[in-house]
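To convert a position in the sequence shown, counted from 1, into the working numbering, add 41.
Quick reminder that beta carbons are idealized off the backbone N, C-alpha and C, glycines included.
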Amino acid sequence: GEDLMSEFLVPQNEARAKVGDPPLVWDGKVASYAEWYAGEREGDCALQHSNGPYGENIFWGGGSAWNPQDAVSA
42 GEDLMSEFLV PQNEARAKVG DPPLVWDGKV ASYAEWYAGE REGDCALQHS NGPYGENIFW
102 GGGSAWNPQD AVSA
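Here is the structure:
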């Protein structure tokens, strides 16, 4: 939902603002692609880029011991 979007976007945009980069905005098409690719990696957990049309930051977190801020900070 929108709360999850904010949990990822707010810290990412705070970091971008510190270096003068413009803020990111949520894109449903990109989110759908990311969800699809995460499903592709679900069986092997390989930290590899999709070589698709988007830039990627890859983060692995297991169980409930991580949060979106951890992914942004990695």
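Please state whether the Cβ-Cβ distance between residue i and residue j is less than 8 Å.
i: VAL113; j: ALA58; result: no
i: GLU83; j: HIS90; result: no
If you drop the 5 nearest sequence neighbours on each side, which residues of the same chain put their C-beta closer than 8 Å to that of residue i?
i: TRP101; result: CYS86, LEU88
i: LEU50; result: PRO64, LEU65, VAL66, TRP67
i: GLU109; result: The question names Glu, but residue 109 is Pro in the sequence shown. Around PRO109: LEU45, GLU48, PHE49, PRO52.
Between the alpha carbons of residue i and residue j, how many angstroms are there, rounded?
i: ILE80; j: GLU43; result: Looking at the sequence shown, residue 80 is not Ile but Gly. Going by the C-alpha atoms only, they are around 21 Å apart.
i: VAL66; j: ILE99; result: 18 Å
i: GLY61; j: SER47; result: 20 Å
i: GLN53; j: ALA75; result: 17 Å
i: GLY73; j: GLY104; result: Before going on, a small fix: residue 73 reads as Ser here, not Gly. If I take the Cα positions, the gap works out to 22 Å.
Shortest alpha-carbon distance to residue i belongs to which of the options?
i: PRO121; options: TRP107, VAL71, SER105; result: Look at the range of the chain in this structure, 42 to 115, and you will see that residue 121 is not part of it.
Spatial neighbours of residue i within its chain, please: C-beta separation below 6 Å, excluding the five flanking residues on both sides.
i: ALA115; result: PHE100
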